[in-house]
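Heads up: the structure comes next, in structure tokens.
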Amino acid sequence: MPTTQHRRTKRTTKAGDGATQAAAASPAPRAPRGDGRGKYVYCIIGSTEPLRFGAIGIGAQPSDVHTINYRDIAAIVSDTPLEVHDATRENVLAHERVNETVMRDHTVIPMSFGTVFKTRDDIIELLRAAYDAFCDVLGKMQGKVEFGVKVLWDRDEMVREIERDDEDVRQLKKEIATQKGSTYFARVQYGRLIDQALQTRSERCVNDIFETLGDVSVASRANKPIGDKMIMNAAFLVARDKEAAFDARLKAIGARYGALTFKYTGPWPPYNFVNIRLKLERAQPE
Amino acid sequence: MPVERTTGGTSLIDVLDRVLDKGIVIDAWVRVSLVGIDLITVEARIVVASIDTYIRYSEAVGQVSSASKPAQVDSRTHEAVLAENEALRAQLSAAATDGRVRTRRRRHAQAV
Chain A
37 MPTTQHRRTK RTTKAGDGAT QAAAASPAPR APRGDGRGKY VYCIIGSTEP LRFGAIGIGA
97 QPSDVHTINY RDIAAIVSDT PLEVHDATRE NVLAHERVNE TVMRDHTVIP MSFGTVFKTR
157 DDIIELLRAA YDAFCDVLGK MQGKVEFGVK VLWDRDEMVR EIERDDEDVR QLKKEIATQK
217 GSTYFARVQY GRLIDQALQT RSERCVNDIF ETLGDVSVAS RANKPIGDKM IMNAAFLVAR
277 DKEAAFDARL KAIGARYGAL TFKYTGPWPP YNFVNIRLKL ERAQPE
Chain B
7 MPVERTTGGT SLIDVLDRVL DKGIVIDAWV RVSLVGIDLI TVEARIVVAS IDTYIRYSEA
67 VGQVSSASKP AQVDSRTHEA VLAENEALRA QLSAAATDGR VRTRRRRHAQ AV
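Keeping their order, the protein sequence lines are chains A and B.
The first sequence begins at 37 in this note's numbering and counts up one residue at a time.
The second sequence begins at 7 in this note's numbering and counts up one residue at a time.
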């Protein structure tokens with residue numbers, strides 16, 4: 037009976053009410069039913085054979101991570117309660133951990149966090165429906181990984197540097213210090229000059245870093261910097277065989293810009309370079 | 007300051023930056039509805055709404071500018087399409103009320 041099973045999942049899900057109704061209204065269910073268990077999908081890889089990756093799955097009791105194969109591609113999944121997974125630290129890191137493990141030997145297209153399917157058949161349907169898109173992207177990402185590069189600077193230190201190097205700013209500062217009357221306009225002017233100089237410097241610097249990493253990477257994306265210390269928040273797509281070169285190049289840049297802080301992470305699945313949006317279309321009930 | 011690489015999974019912020027809305031994304035509505043509905047094979051089927059790999063931008067415009075390009079390129083195309091839509095719609099409604107436009111077109115088609 038469908039209702040009993042749905043009642044069982046209801047406790048664990050916010051969508052419980054709507055889901056129960058929808059299920060009751062839907063046509064007679066098909067076997068086999070997942071008994072409140074679903075399958076969490078981590079990523080898609082190219083593989084013709086079934087693979088296992090050990091008990092590293094999402095959830096309090098990590099379950100076995102394995103493939104569900106369709107033709108020459110496969111979804112990496114693990115059994116999980118049929119519920120909406122909150123983006124807690126443990127869950128998010130588990131998602132990433134599985135991706136990183138699979139990535140060691142395979143090119144992956146990462147799934148965004150929290151995608152749960154009810155049955156194996158549903159995942160096969162996913163693989164079948166988006167087969168061309170997956171193959172296309174797998175081909176393009178073949179042997180490539182992503183690296184994150186965030187660059188931070190010490191704004192105050194930069195301002196001091198500008199005051200030291202920039203003739204106009206230095207002049208203005210002296211004026212403000214020695215002037216007897218109101219210094220209001222001089223100070224406004226000073227602030228404007230500093231802002232401009234900071235902007236110019238950060239742009240020059242960021243462009244230089246992008247350029248220097250250009251020929252050791254396949255592509256790059258600049259995301260919005262977070263906070264006022266960050267001047268660059270980028271992702272680079274790098275071929276596996278250029279990884280060492282990329283590494284060396286970035287270290288050289290770090291040495292050149294001693295005043296900057298680099299946060300260098302990876303290898304990541306190519307999250308920033310793959311964007312596949314899927315949606316459900318209502319089919320005619322049989 | 008020396009640049010050290012850390013593996014992805016060590017920084018929660020960096021992970022969150024990526025996993026929440028990047029990669030393969032299924033509509034939020036779907037994700038919720040997955041719970042408890044007899045899914046795809048019965049009621050609905052999955053379709054690819056859009057697919058993008060950001061490689062092509064860098065090939066087209068070079069590394070540096072590729073950085074901020076995608077959004078700009080997209081929005082400009084989007085606007086252009088919207089404008090074109092608008093223009094076409096205007097033409098259409100004009101054609102619907104004004105027979106001449108239609109006639110002229112038909113004549114043109116015959117000439118071709």
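Ideal placement from N, C-alpha and C gives every residue a C-beta, glycine not left out.
Since this is a predicted model, take the numbers as computed values, not measurements.
#1: Do you know offhand how far A:His102's Cα is from A:Ala111's?
#2: Helix or strand or just coil, what does DSSP make of B:Asp23?
#3: Under the three-state reduction of DSSP, which class applies to A:His131: helix, strand or coil?
#4: Kindly indicate if chain A contains any beta-carbon less than 8 Å away from that of B:Val21.
#5: How far does the alpha helix (DSSP H) with A:Ile230 in it reach, from first residue to last?
#6: Give the DSSP-derived three-state secondary structure of A:Ala255 in the structure shown.
#7: Report the three-state DSSP secondary structure of A:Gly179 (helix, strand or coil).
#8: Assign B:Asn91 to buried or exposed, taking buried as 16 or more other Cβ atoms, counted over all protein chains shown, within 10 Å of its Cβ.
#9: Counting contacts by CB-CB distance shorter than 8 Å, is B:Val9 in contact with chain A?
#10: Under 8 Å: do the stretch 302-318 of chain A and the stretch 187-200 of chain A share three or more Cβ pairs, one atom per stretch?
#11: I'd like the list of long-range same chain contacts for A:Met268, defined as Cβ closer than 6 Å, with 5 residues on each side in sequence excluded.
#12: Could you name the residues of chain A that B:Ala31 contacts, counting a contact when the two beta carbons are closer than 9 Å?
#13: Give the range of the alpha helix (DSSP H) segment to which A:Phe282 is assigned.
#14: Looking at C-alpha atoms only, which residue of A:Arg73, A:Ile109, A:Phe221 is the closest neighbour of A:Arg164?
#15: What is the residue span of the beta strand (DSSP E) that A:Leu162 lies within?
#16: Would you kindly work out how many angstroms separate the C-alpha atoms of A:Thr214 and A:Val205, rounded to a whole number?
#17: For B:Asp27, tell me which candidate among A:Thr236, A:Glu199, A:Pro146, A:Phe272 has the shortest Cα-Cα distance.
#18: Starting from A:Val274, trace the alpha helix (DSSP H) in both directions and tell me its first and last residue.
#19: Using the beta-carbon count (16 or more within 10 Å), is A:Arg257 buried or exposed?
#20: Near A:Tyr220, which residues of its chain fall below 7 Å by C-beta distance, leaving aside the five closest residues on each side in sequence?
With the structure as the only source:
#1: Going from the Cα of A:His102 to the Cα of A:Ala111 covers about 8 Å.
#2: The three-state secondary structure of B:Asp23, taken from DSSP, is helix.
#3: Looking at A:His131 - three-state DSSP - the assignment turns out to be helix.
#4: B:Val21 counts as touching chain A.
#5: Per DSSP, A:Ile230 belongs to the alpha helix (DSSP H) from 220-250.
#6: A:Ala255 carries a strand assignment under DSSP once its states are collapsed to helix, strand and coil.
#7: The answer is coil: DSSP assigns A:Gly179 none of H, G, I, E or B.
#8: Looking at its Cβ environment, which holds fewer than 16 other Cβ atoms inside 10 Å, B:Asn91 is exposed.
#9: Yes - at least one Cβ of chain A is within 8 Å of the one on B:Val9.
#10: Segment contact: the stretch 302-318 of chain A against the stretch 187-200 of chain A, fewer than three CB-CB distances shorter than 8 Å; contact not assigned.
#11: Cβ neighbours of A:Met268 within its own chain (closer than 6 Å, five residues either side excluded): Val187, Val242.
#12: For the sequence presented, residue 31 of chain B should be read as Val rather than Ala. Close to B:Val31, with beta-carbon spacing below 9 Å, are these residues of chain A in chain order: Met147, Ser148, Thr151, Asn311, Ile312, Arg313, Leu314.
#13: Judged by DSSP secondary structure, A:Phe282 falls within the alpha helix (DSSP H) whose first and last residues are 279-292.
#14: It is A:Ile109.
#15: Segment 156-165 is the alpha helix (DSSP H) holding A:Leu162; no beta strand (DSSP E) there.
#16: Take the alpha-carbon of A:Thr214 and the one of A:Val205: they are about 14 Å apart.
#17: Distances from the alpha-carbon of B:Asp27 to those of A:Thr236, A:Glu199, A:Pro146, A:Phe272 put A:Pro146 closest.
#18: Bounds of any alpha helix (DSSP H) do not take in A:Val274; it lies within the beta strand (DSSP E) bounded by 266-275.
#19: Label assigned to A:Arg257: buried.
#20: Around A:Tyr220: no qualifying Cβ.
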